[in-house]
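Protein chains in written order, with my numbering: chain A, 215 to 391; chain B, 246 to 896.
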């Protein structure tokens with residue numbers, strides 16, 4: 215008899231989770247990282263597996279960390295916005311190429327243009343886990359003192375950049391959270 | 246004015262869905278023919294008003310009436326007329342109205358083609374469909390009204406997302422919706438059977454064509470989406486395991502399981518409660534899928550949460566529809582015990598395996614898609630799930646399923662001995678292995694064991710699919726449409742596997758820079774960029790290059806890839822130049838200007854890639870042939886129904 219109750223039990227659990235997800239507004243709910251210092255990673259550079267890059271090298275400077283992958287349609291969508299932001303040169307963009315294929319990622323940048331000052335290759339997703347990456351694309355703003363100031367999930371647009379990131383830039387440069 | 250009329254018509258449509266639900270369900274329950282007749286009228290009325298409402302929205306798009314908020318958000322004075330109509334379902338509000346229109350059209354179809362069913366059954370089905378459309382109409386009216394005015398009117402619109410300005414993608418959502426919503430019909434049949442407390446072979450025979458038609462449209466819709474992604478995203482991939490794609494793939498897998506389970510229910514009166522569960526699940530996943538896509542709890546965990554009112558409504562609606570159906574299931578399913586037995590080696594067993602493996606594959610995808618969300622809910626580590634997970638895990642259930650398919654098609658009901666077919670299946674397997682070796686090693690070169698395994702599976706399935714109809718035909722036996730349909734659909738699956746295996750094993754890609762006059766070698770072809778030119782489209786500017794492709798000095802093709810910038814949204818879009826051939830595509834996409842006249846170009850050689858979509862089309866064709874079977878049109882008498890229910894009549 216009990217087995218006929220299994221489907222509705224599973225479904226109730228699913229609805230419970232969805233309700234939970236609904237209650238948590240992922241976009242405005244601060245990531246646990248906000249106000250804390252950015253996790254340090256040391257990864258190989260996308261263009262050259264022999265060279266490494268660590269975000270510790272950027273200490274003292276604000277930067278944007280953008281998590282992307284060639285398999286991610288949202289990243290394709292935001293790419294134009296990233297190019298525009300990079301062109302404005304307000305703050306350097308560091309790419310975190312996540313769960314990707316090095317060749318494909320390089321081809322992508324060659325084909326679509328490269329908005330990144332430097333791209334770290336996170337093939338196994340270790341850095342992404344430290345950063346609490348939920349899904350690509352995600353974009354973080356890190357201040358000069360190394361604290362995470364802002365996290366944006368979903369494709370970035372120039373509009374979002376101007377409304378949500380630009381006002382935080384002075385704070386990012388000053389370095390106090 | 247048109248917007249207000251459309252809004253009003255939508256309210257009327259909602260008002261009519263309530264009597265459809267009430268009179269449909271209660272008329273059947275209390276056996277009142279007048280009420281049942283009323284429910285039928287309500288269906289027709291609701292369809293007329295929904296169609297009118299949809300026509301009004303199309304008209305304001307055609308007029309480019311930017312005093313309507315939804316039009317201002319999704320159209321532009323320069324948008325070509327064709328895309329103004331496609332823009333109707335270019336965003337959330339309009340696509341929900343399309344969903345509703347499709348929903349009531351299916352209900353109208355049930356009302357029109359139910360001549361061979363008892364009135365009470367039809368009435369209950371229409372009642373359940375009425376409840377669903379009431380929920381949707383209310384959802385649109387309360388949270389997603391496309392007819393809202395914008396005052397003062399916008400001087401011009403923000404234009405349709407350039408990604409959507411493409412013929413394949415313009416018809417992709419309607420196809421997908423016809424499939425998604427189509428599963429509401431088996432869902433309604435399942436609920437009706439549970440309410441009635443009766444489920445027999447005749448019931449399965451009524452449901453089968455509906456389930457198959459829904460599955461066909463979903464197959465076409467998914468294939469169109471994949472084809473679009475291939476040439477429009479400029480990347481040459483055909484499947485990304487994106488949450489949006491997964492959302493459409495899950496109901497497809499369950500729908501596939503359902504049409505197979507229905508076969509066992511019809512022929513042998515087996516798997517009844519399982520069939521019910523699959524009917525409910527297919528539609529539940531469709532509901533979940535559409536909402537995940539359009540308001541997205543997953544893709545944009547964001548959009549779902551960004552409008553809590555919308556999200557809560559959706560969730561409540563899901564809870565009522567699916568929760569109600571599953572509650573009914575927990576209560577009524579014990580009634581539907583099957584008493585027919587079958588031996589471990591029989592077609593029943595193979596169908597059972599097919600079902601378990603398909604459901605397993607769905608679970609793999611569901612877990613992969615929602616896992617990050619669950620981990621988040623538990624406050625555990627954030628975990629990422631990417632294509633590598635899906636690619637590896639999806640094969641675990643799928644590979645055995647494909648290999649079981651060939652013997653499964655030839656297994657007899659009840660108890661299969663394989664005496665007569667053992668030899669031919671073994672011969673076919675040997676031929677398949679040889680063919681796989683010839684194609685992989687002989688034509689393209691050694692790649693990996695998985696390539697050989699994939700091709701062997703495909704050739705074996707293809708062979709096994711052809712044997713049965715050919716031997717029947719040679720022996721002069723009758724060849725019912727359902728058998729031909731099954732063979733064609735399985736042959737389509739084999740074509741798909743050939744395409745997917747070959748292209749994934751032997752694709753060749755390269756990125757390089759070319760100036761007009763320069764050429765490059767790739768995959769045995771010479772690509773020469775002959776000229777660059779500026780092209781002006783109706784709402785975009787583009788740089789177009791002309792690339793001449795030659796092989797051994799002979800011209801093969803001239804392609805014209807473009808890099809477009811749409812004026813309003815400023816998005817850069819890649820229009821790939823593709824030379825399509827039955828056994829390979831040559832794909833040229835423009836990248837970035839590299840200074841001077843030089844451009845980065847992506848050149849790809851994609852062997853057999855057409856077989857992926859062709860295979861899907863052939864699968865859908867198989868479904869179409871199967872529903873033409875004569876027995877679905879035959880009026881079934883009550884006696885025959887009783888006999889079949891008793892298991893006396895088996896085929």
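Even for Gly, the Cβ is constructed at its ideal location relative to N, Cα and C.
Here's the rule: buried if 16 or more other CB atoms are within 10 angstroms of the residue's CB, otherwise exposed. What is residue i?
i: residue 878 of chain B; result: exposed
i: residue 327 of chain B; result: exposed
i: residue 851 of chain B; result: buried
i: residue 419 of chain B; result: buried
i: residue 246 of chain B; result: exposed
i: residue 279 of chain B; result: exposed
i: residue 366 of chain A; result: buried
i: residue 450 of chain B; result: buried
i: residue 314 of chain A; result: buried
i: residue 612 of chain B; result: exposed
i: residue 364 of chain A; result: buried
i: residue 584 of chain B; result: exposed
i: residue 302 of chain A; result: exposed
Closer than 6 Å by C-beta to residue i: which residues in its own chain qualify, once you throw out the five before and the five after it? Chain order, please.
i: residue 581 of chain B; result: 444, 517, 518
i: residue 726 of chain B; result: 870, 873, 874
i: residue 408 of chain B; result: none
i: residue 435 of chain B; result: 521, 524, 525
i: residue 264 of chain B; result: 287
i: residue 839 of chain B; result: 758, 845
Kindly indicate which residue of the options has the alpha-carbon position closest to the one of residue i.
i: residue 322 of chain A; options: A:286, A:227, A:373; result: A:286
i: residue 831 of chain B; options: B:839, B:796, B:838; result: B:796
i: residue 861 of chain B; options: B:614, B:693, B:433, B:465; result: B:465
i: residue 316 of chain B; options: B:468, B:511, B:393, B:792; result: B:393
i: residue 616 of chain B; options: B:604, B:602, B:635, B:598; result: B:635
i: residue 289 of chain A; options: A:319, A:261, A:271; result: A:319
i: residue 297 of chain A; options: A:384, A:217, A:218, A:370; result: A:370
i: residue 600 of chain B; options: B:264, B:679, B:642; result: B:642
i: residue 748 of chain B; options: B:707, B:705, B:858, B:720; result: B:858
i: residue 828 of chain B; options: B:374, B:689, B:760; result: B:689
i: residue 381 of chain B; options: B:358, B:344, B:367, B:364; result: B:344
i: residue 492 of chain B; options: B:470, B:503, B:507, B:510; result: B:470
i: residue 351 of chain A; options: A:361, A:257, A:368, A:357; result: A:368
i: residue 346 of chain A; options: A:252, A:231, A:358; result: A:252
Please return the same chain residues whose Cβ sits closer than 8 Å to the Cβ of residue i, not counting the five positions on each side in sequence.
i: residue 900 of chain B; result: Here chain B has residues from 246 to 896 only, and residue 900 of chain B is not among them.
i: residue 657 of chain B; result: 591, 592
i: residue 506 of chain B; result: 516, 519, 520, 523, 596, 600
i: residue 809 of chain B; result: 407, 782, 785, 786, 787, 817, 818, 819, 820
i: residue 668 of chain B; result: none
With DSSP run on the structure shown, which of helix, strand or coil describes residue i?
i: residue 330 of chain A; result: coil
i: residue 394 of chain B; result: strand
i: residue 525 of chain B; result: helix
i: residue 810 of chain B; result: strand
i: residue 714 of chain B; result: helix
i: residue 298 of chain B; result: helix
i: residue 313 of chain A; result: coil
i: residue 304 of chain A; result: coil
i: residue 229 of chain A; result: helix
i: residue 534 of chain B; result: helix
i: residue 784 of chain B; result: coil
i: residue 252 of chain B; result: helix
Quick one: residues in its chain with C-beta nearer than 7 Å to the C-beta of residue i, no 5 flanking neighbours on either side, listed in chain order?
i: residue 250 of chain B; result: 301
i: residue 428 of chain B; result: 459, 496, 500, 527, 528, 531
i: residue 433 of chain B; result: 370, 373, 374
Check distances from the C-beta atoms of the region 836-851 of chain B to those of chain A and list, in chain order, the residues that come in under 7 Å. For the region 836-851 of chain B, which is checked against every Cβ of chain A, the residues closer than 7 Å are 836, 837, 845, 847.
Closer than 8 Å between beta carbons: that is the criterion. Which residues of the region 319-330 of chain A meet it against chain B? 320, 321, 322, 324, 325, 326, 327
Between the region 358-382 of chain A and chain B, which residues of the former have CB atoms less than 7 Å from a CB of the latter, in chain order? 367, 368
Could you run through the region 450-481 of chain B and flag, in chain order, every residue whose CB is less than 9 Å away from some CB of chain A? 474, 478, 479, 480
Please list the residues of the region 249-268 of chain A that have a C-beta atom closer than 8 Å to any C-beta atom in chain B, keeping them in chain order. none
Which residues of the region 278-292 of chain A have a Cβ closer than 8 Å to any Cβ of chain B? Give them in chain order. If you check each beta-carbon in the region 278-292 of chain A against every beta-carbon of chain B, the ones closer than 8 Å belong to 283, 284, 285, 286, 287, 288, 290, 291.
Residues of the region 569-589 of chain B whose Cβ lies closer than 7 Å to any Cβ of chain A, in chain order: 571, 572, 574, 575, 578, 579
Return the residues of the region 411-438 of chain B that lie within a Cβ-Cβ distance of less than 8 Å from chain A, sorted by chain order. For the region 411-438 of chain B, which is checked against every Cβ of chain A, not one residue is closer than 8 Å.
Please list, in chain order, the residues of the region 296-317 of chain A that have any C-beta partner in chain B closer than 9 Å. 297, 298, 312, 313, 314, 317
Got a sec: which bits of the region 732-755 of chain B sit with their beta carbon under 9 Å from any beta carbon on chain A, in order along the chain? 754, 755
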